[in-house]
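Asker:
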Amino acid sequence: NQFCCLPTTSPPVHSLVPSAGPAPQSALVPGGEGSCVVRRVIDSDNSCLFNAVGYVMDRSRARADELRKVVAQAVANDPITFNDGFLGKDVKEYCSWIQQKDKWGGAIELFILSQHYGREIAAFDVQTKRCDVYGQDKGYEERALLMYDGLHYDAMAVAAFEGAPEELDVTMFRPGGREGEAIMAAAEKLVSGFARNRTWFGWYAYARFELAGLGGWVGLGSGACRFF
């Protein structure tokens, strides 16, 4: 999956697609005795991916600077895997670029951060309801959940009950077995609720237009993405 949602310039802001009603913020875990998967909102500050990962891994929404450095160091240490063709730019240029606060993260960064933490990261695409699991082939025992709407990442967690304080969040679970399957089912239900609500930005037509005439933006069914 050699692409990443990393715009070098911002597309013009379009109107939101009309909402079908309030989006659900939680979904009950089947057989979970009242526990539910909840969305935990991350600030829209161009570092949402890094802070969402920071929340599920370290319970912190302020890890972006550190995690950007982690990614840059991983790339610098393995230029064979993370070569110019994979990154879409020179390795040194990328390492400087990804540490800038206004640059977005995507698939490459999730792949690296999964390895850094030694845990799977399951990223749900709200528009397509597809789930990409980073690190799934590494034998990691735990999984964390993110959701992505085409422009923005939020974290997901398992709450003991609806409305439970964040201090009680469980952000890691074992993906195998009945409990893991139930948590994934609840996450899918929550994401489906956002998909039905249709609150994401409608970039697909714009992306196709740009690809046809002006630039490198492409419509992949998962927001405004840029090929490497």
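If you read the sequence shown in the UniProt record's numbering, its first letter stands for residue 1, the second for the next number, and so on.
Note that beta-carbon positions come from the ideal geometry of N, C-alpha and C, so glycine has one too.
Since the model is a prediction, treat every value here as computed from it, not as a measurement.
As a quick exercise: from 177, 165, 139, pick the residue whose alpha carbon is nearest that of residue 35.
Answerer: Sequence index remark: in the sequence shown, residue 35 carries index 35 (1-based). Checked all of 177, 165, 139; the closest Cα to residue 35 is 165.
Asker: Below 8 Å on the Cβ atoms is my contact criterion, and I expect residue 113 with residue 53 to pass it. Report the Cβ-Cβ distance as a whole number of Å.
Answerer: Numbered from 1 along the sequence shown, position 113 holds the residue referred to as residue 113. Numbered from 1 along the sequence shown, position 53 holds the residue referred to as residue 53. About 5 Å separates the two Cβ atoms, so the contact holds.
Asker: What's the gap between the Cα of residue 90 and the Cα of residue 139?
Answerer: Counted from its first residue, the sequence shown places residue 90 at position 90. Counted from its first residue, the sequence shown places residue 139 at position 139. Answer to the nearest angstrom: the Cα atoms are 31 Å apart.
Asker: Whole angstroms is fine: what's the gap from residue 28's alpha carbon to residue 153's?
Answerer: Translated into the one-based positions of the sequence shown, residue 28 becomes position 28. Translated into the one-based positions of the sequence shown, residue 153 becomes position 153. Straight-line Cα distance between these residues: approximately 21 Å.
Asker: Identify, in the order they occur along the chain, each residue of the same chain with its Cβ nearer than 6 Å to the Cβ of residue 71, setting aside the five sequence neighbours on each side.
Answerer: Taking the sequence shown and counting its residues from 1, one reaches residue 71 at position 71. Within the same chain, residue 71 has close Cβ partners 98, 109, 112.
Asker: Examine the Cβ distances between the segment 72-91 and the segment 174-192 and report whether three or more of them are shorter than 8 Å.
Answerer: Contact between the segment 72-91 and the segment 174-192 is absent, because fewer than three Cβ pairs lie under 8 Å.
Asker: Keeping to the same chain, check which residues put their C-beta closer than 6 Å to that of residue 248; ignore five residues upstream and five downstream.
Answerer: An answer regarding residue 248 cannot be provided, because it is not within the stretch 1 to 228 covered by the chain.
Asker: By the 10 Å Cβ neighbour count, where 16 or more other Cβ atoms means buried, how is residue 60 classified, buried or exposed?
Answerer: For this step, residue 60 is matched to residue 60 along the sequence shown. With fewer than 16 Cβ atoms within 10 Å of its Cβ, residue 60 is classed as exposed.
Asker: Give me the residue from 58, 128, 93 with the minimum Cα distance to residue 116.
Answerer: Here residue 116 refers to the residue found at position 116 of the sequence shown. Of the listed residues, the one whose Cα sits closest to residue 116 is 58.
Asker: May I have the straight-line CA-CA distance separating residue 133 from residue 143, to the nearest angstrom?
Answerer: As a working mapping, residue 133 is identified with position 133 in the sequence shown. As a working mapping, residue 143 is identified with position 143 in the sequence shown. Cα to Cα, the separation comes out at about 9 Å.
Asker: State the Cα-Cα distance for the pair residue 155 and residue 96, rounded to the nearest angstrom.
Answerer: If you number the sequence shown from 1, residue 155 lands on position 155. If you number the sequence shown from 1, residue 96 lands on position 96. Near 26 Å, if we compare the C-alpha coordinates of residue 96 and residue 155.
Asker: Is it right to say residue 161 is buried, meaning 16 or more other beta carbons lie within 10 angstroms of its own, or is it exposed?
Answerer: Mapped onto the sequence shown, residue 161 falls at position 161. Residue 161 comes out exposed.
Asker: Taking C-beta to C-beta, are residue 64 and residue 47 nearer than 7 Å?
Answerer: The residue given as residue 64 occupies position 64 in the sequence shown. The residue given as residue 47 occupies position 47 in the sequence shown. A contact, by the Cβ cut-off of 7 Å.
Asker: Using only CA atoms, which one of 103, 88, 186 lies nearest to residue 175?
Answerer: Residue mapping note: residue 175 aligns to position 175 of the sequence shown, counting from 1. For residue 175, the nearest C-alpha among the options comes from 186.
Asker: From this set, 25, 121, 128, which residue's C-alpha is nearest residue 136's C-alpha?
Answerer: The residue given as residue 136 occupies position 136 in the sequence shown. It is 121 whose Cα lies nearest to the Cα of residue 136.
Asker: Name the residue from 49, 157, 62 whose alpha carbon lies nearest to the alpha carbon of residue 37.
Answerer: Within the sequence shown, numbered from 1, the residue matching residue 37 stands at position 37. That would be 157, whose Cα lies nearest to the Cα of residue 37.
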